[in-house]
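To start, the structure under review is shown below, and the notes come after it.
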Amino acid sequence: MPKPYTSSLDLTTGKVDLSHGGGGRAMAQLIDELFVRHFDNDLLRQRNDQALFTVPAGRLVISTDGHVISPLFFPGGDIGSLAVHGTVNDVAMSGARPLYLSAGFILEEGLPLADLEKIVASMAAAARKAGTPIVTGDTKVVERGKGDGVFITTTGVGLVPEGVNISGDRARPGCAILVSGSIGDHGVAIMAGRENLQFCTSIVSDSAALNGLVAEMVAAAPDAIRCLRDPTRGGLATALNELARQSGVGMVVDEARIPVKAEVKAACEILGLDPLYVANEGKLVCICAAVAAERLLAVMRQHPLGRNAAIIGEVIDDEHGFVQMTTAFGGRRIVDWPVGEQLPRIC
Amino acid sequence: MKYISEFRQQDLARQLAQAIGQTVDPGRHYRLMEFCGGHTHAIFRYGVQDLMPANVEFIHGPGCPVCVLPTGRIDNAIQLAARHDVILCSYADLMRVPATGRDSLLKAKAGGCDIRMIYSTQDALKIARENPSRSVVFFAIGFETTTPPTAVAIKQAQAERLANFSVFCNHVLTPAAMRAILDAPQPVAIDAFLGPSHVSTIIGSQAYEPFADHYAKPIVIAGFEPLDVMQSALMLIRQINEGRHEVENEYSRAVTRQGNLKAQALVQDVFELRPQFEWRGLGLIPDSALKLKADYADFDAEQRFSLPAIQASDVKGCECPAILRGAKKPQDCRLLGTVCTPENPMGSCMVSSEGACAAYWSYGRLRGKCRVTLR
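Chains as they are written, first to last, in the working numbering: chain R, 841 to 1187; chain B, 10 to 384.
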């Protein structure tokens, strides 16, 4: 059988050019030798414009995320792994088991193919680890200067187990508020990777797929979990305010119980940032019935992604819907919605 | 020094709260003006008020350089940025301050002006080096803390013959502002001052000695951590009770009596006093602001570009001027929370991270609304 392409893609010195988005042979080769080769699953290998699968019985969720992070590579990950983790997590926050992902790429003319391959390989590894194959996708190329290297959009579908009802509007007064680990790691790791803010830190992004952790939590207490949310852009403060607003409640959290790494605190101090507003990519907030809090905490701490989980506060009745915090100092303040963009292009 | 934890300890806070509670005269009302926006911010962020007795009141002062900048100067900055040969470099805080006609640097940037957000003067110099064919203007603001770095940048630009670099200078002076508050025709009742922290590292604690003497007000130079604020409040309360009016230095880990002589010399070299300068809330104050000396005229944006003095008026109902003087509090402003929010600020006190309204709104607006007991 004749070789489909006269020569392989030059993945060492080659660059993305406009023909790679043209719909012709160059694009087909890019897809074959890069995307299909790395993502490597039966559905994708069919090479249709869509992936066909049987719909399992039950309730499905679908979620989508665009990724524009800069720089493309950062301590603890890259735009590829982030794109997988982000959507897997959004699906998992409903309690669902993620099934499949799609991935749309907008590539900038001039992007080194070596970089693209690193990103794709990283996505493949992340998808494999999360048990969620990338089964369909799209490729476009824009002229130099019209894109920042690469933008990736992922969409995911998942299946919600019987009896599980997790939604942002289900928090009630008396519920406990838990967080799965230290906050602010991702945002600070990104800053360390950016040109004009140079300082040495040992901080690595916490980017990770949380579906395994969620599965254990749901198995341990399927009825008690009322809300799950991953605190990405806008940080923990935004996630808590969103949930408070959706549920029409208030919250009180205890600053001393919110885990923050010493290095993250220090970096935030220097830059005048509040860790509560810094993005996370591998953490979740859980609101559950008070009786189940300790049990869930124990289950979370058994999991590698929940070792530093903590109960940080409780939901209260409050017509104003404030998220309040007793400060480590002993005073009281609200944790408000963030204003504007603390750190641009963080996810 | 692990100051993040050491200066925010709850146990020490409780001990100080007890000491303050025992020291105050229950029949007296203590009015302490915290001059610096940084102190206002710390008080609200850590909930320091919750640990103070009810008869000790903090009055917010004008120590927020973004807040005291009159609207007309932001208008000038936007005019500069609108020139296609100019790159305007600005601190992030200034970007959202409302200018005339609800414009702002951020909106001007979205409209196509080349405005770069920077963290330090060194960033501005770098941009100037990288863009030799464009005029790079640094929008300089601040009290005495940020003036030395601007002086350094100007001298660096001179040494490098960086002809495309210039500074739009809005540096202001702390003692002049304190004098304006104390000399006001209808002065606000103030018993004592928490003196500025980082300004004092530059000018030294001796800069306040004339005030303590002439106006008979106690002044304690206070650090920015919440324990600093409480310790300083205790020192002020003691002075008030004992009828003393001295300058004391609580921030001794950073402030000396003479201050930073090298920095002072640098500033003397590069800058001179303007006859007068308009301050938001305090009006025209003589000898209160700096401009570049003739020797450095090449780097003075006001010499290089013609910038008309713009008399801009505040939004109707905006109480920033009164709040900056200490005459009113954020909650006294009708616009707060109704029309004026951080997303849609009417005045600079809501925009700046050190503004009293922003601090109150972001951290403290639950006061009087919620009755959650502290554990």
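The beta carbon of each residue, even a glycine, is placed where N, CA and C say it ideally should be.
Values in this document were obtained by computation on a predicted structure and should not be read as measured data.
Under the three-state DSSP convention, the category residue i falls into
{"i": "R:L874", "result": "helix"}
{"i": "B:Q31", "result": "helix"}
{"i": "R:D880", "result": "coil"}
{"i": "R:A891", "result": "coil"}
{"i": "R:W1177", "result": "coil"}
{"i": "B:Q18", "result": "coil"}
{"i": "R:R984", "result": "coil"}
{"i": "R:A1157", "result": "One detail in the question is off: residue 1157 of chain R reads as Asp in this sequence, not Ala. The answer is coil: DSSP assigns R:D1157 none of H, G, I, E or B."}
{"i": "R:Y940", "result": "strand"}
{"i": "R:T846", "result": "coil"}
{"i": "R:L1111", "result": "helix"}
{"i": "B:T382", "result": "Low local confidence applies: a pLDDT of 41 at B:T382 is under 50, so the model's placement there is unreliable, with the coordinate-based value given in what follows. If DSSP states are grouped into helix, strand and coil, B:T382 belongs with coil."}
{"i": "B:A198", "result": "coil"}
{"i": "R:C1128", "result": "strand"}
{"i": "R:H907", "result": "strand"}
{"i": "R:I1023", "result": "coil"}
{"i": "R:K855", "result": "strand"}
{"i": "R:G1088", "result": "coil"}
{"i": "B:P295", "result": "strand"}
{"i": "R:K958", "result": "helix"}
{"i": "B:L285", "result": "In the sequence on display, residue 285 of chain B carries Gln and not Leu. The answer is strand: DSSP assigns B:Q285 an E or B state."}
{"i": "B:I211", "result": "helix"}
{"i": "B:S99", "result": "strand"}
{"i": "B:F280", "result": "strand"}
{"i": "R:P1222", "result": "Residue 1222 of chain R is absent from the model: chain R starts at 841 and stops at 1187."}
{"i": "B:C9", "result": "Residue 9 of chain B lies beyond the range of chain B shown here (10 to 384); nothing can be said about it."}
{"i": "B:K337", "result": "coil"}
Short CB-CB distance (under 7 Å) between residue i and chain C
{"i": "R:G1003", "result": "Here the protein chains are R and B, and chain C is not one of them."}
Listed by chain order, chain B residues near residue i by CB distance under 7 Å
{"i": "R:V1093", "result": "The contacting residues do not exist; R:V1093 stays about 11 Å from chain B at best."}
{"i": "R:V1179", "result": "P351, E352"}
Interface partners of residue i on chain R, CB under 8 Å
{"i": "B:D59", "result": "G1170, G1171, R1172"}
{"i": "B:F53", "result": "R1173"}
{"i": "B:R105", "result": "G1180"}
Per-residue contacts from residue i into chain B (C-beta, under 8 Å)
{"i": "R:E1109", "result": "I13"}
{"i": "R:D1025", "result": "Within chain B, no residue comes near R:D1025; the closest Cβ sits about 17 Å away, beyond 8 Å."}
{"i": "R:A1106", "result": "I13"}
Spatial neighbours of residue i in its chain, beta-carbon cut-off 7 Å, leaving aside the 5 residues before and after
{"i": "R:G1146", "result": "S1020, G1021, L1053, M1140"}
{"i": "B:M244", "result": "V229, E257, E259"}
{"i": "R:D1009", "result": "Q1086, S1087"}
{"i": "R:A1106", "result": "none"}
{"i": "R:P1013", "result": "V1089, V1155, I1156, D1157"}
6 Å CB neighbourhood of residue i in its chain, flanking five on each side removed
{"i": "B:I294", "result": "A185, A189, W288"}
{"i": "B:M104", "result": "L114, L115"}
{"i": "B:Q248", "result": "P227"}
{"i": "B:G72", "result": "F44, C45, G46, P205"}
{"i": "R:E1095", "result": "M1165, T1167, A1168"}
{"i": "R:L1050", "result": "N929, A932, L1124"}
{"i": "R:E1082", "result": "none"}
{"i": "B:D323", "result": "none"}
{"i": "R:A964", "result": "H878, F879"}
Where residue i meets chain R, residues with beta-carbon distance less than 7 Å
{"i": "B:Q19", "result": "A1168, F1169, G1170"}
{"i": "B:S371", "result": "D1176"}
{"i": "B:P235", "result": "F1169"}
{"i": "B:A22", "result": "F1169, G1170"}
Neighbouring residues, chain R, relative to residue i (Cβ below 9 Å)
{"i": "B:G56", "result": "M1165, T1166, T1167, F1169, G1170, G1171, R1172, R1173"}
Spatial neighbours of residue i in its chain, beta-carbon cut-off 8 Å, leaving aside the 5 residues before and after
{"i": "B:T350", "result": "M359, W370"}
{"i": "R:N1120", "result": "I1023, G1024, D1025, H1026, G1027, D1046, D1070, P1071, T1072, G1075, L1076"}
{"i": "B:N140", "result": "I96, N173"}
Checklist entry - Would you call the region 69-80 of chain B and the region 330-337 of chain B touching, i.e. three or more CB-CB distances under 8 Å? => result yes
Next on the checklist: For the region 168-182 of chain B against the region 118-125 of chain B, do three or more pairs of beta-carbon atoms, one drawn from each stretch, fall closer than 8 Å, so that the two count as touching?
Outcome noted: no
Checklist entry - At what residue ranges does the region 18-94 of chain B contain a whole run of the beta strand (DSSP E), taking only runs of 3 or more? => result 39-45, 65-72
Next on the checklist: Going residue by residue through the region 111-193 of chain B, where are the continuous beta strand (DSSP E) segments of at least 3 residues, counting only ones entirely within it?
Outcome noted: 124-127, 144-151, 174-180
Checklist entry - Is there contact here, the region 206-220 of chain B with the region 254-262 of chain B, by at least three beta-carbon pairs under 8 Å? => result yes
Checklist entry - Okay, do the region 981-991 of chain R and the region 1063-1073 of chain R touch, 3+ Cβ pairs below 8 Å being the bar? => result no
Checklist entry - Counting pairs of beta carbons, one from the region 145-153 of chain B and one from the region 207-215 of chain B, are three or more of them closer than 8 Å? => result yes
Checklist entry - If you pair each beta-carbon of the region 901-911 of chain R with each one of the region 993-1011 of chain R, do three or more pairs fall below 8 Å? => result yes
Checklist entry - Do the region 193-204 of chain B and the region 159-167 of chain B meet, that is, are 3 or more Cβ pairs less than 8 Å apart? => result no
Item to check | beta strand (DSSP E) segments (min. 3 residues) lying fully within the region 233-258 of chain B | outcome: 256-258
Checklist entry - Are at least three pairs of beta-carbons, each pair with one atom in the region 1103-1121 of chain R and one in the region 19-32 of chain B, less than 8 Å apart? => result no
Item to check | the region 968-978 of chain R contacting the region 931-948 of chain R, beta-carbon criterion three pairs below 8 Å | outcome: yes
Item to check | Three CB pairs or more closer than 8 Å across the region 952-964 of chain R and the region 907-925 of chain R | outcome: yes
Item to check | Any 3 or more C-beta pairs closer than 8 Å across the region 79-94 of chain B and the region 45-64 of chain B | outcome: no
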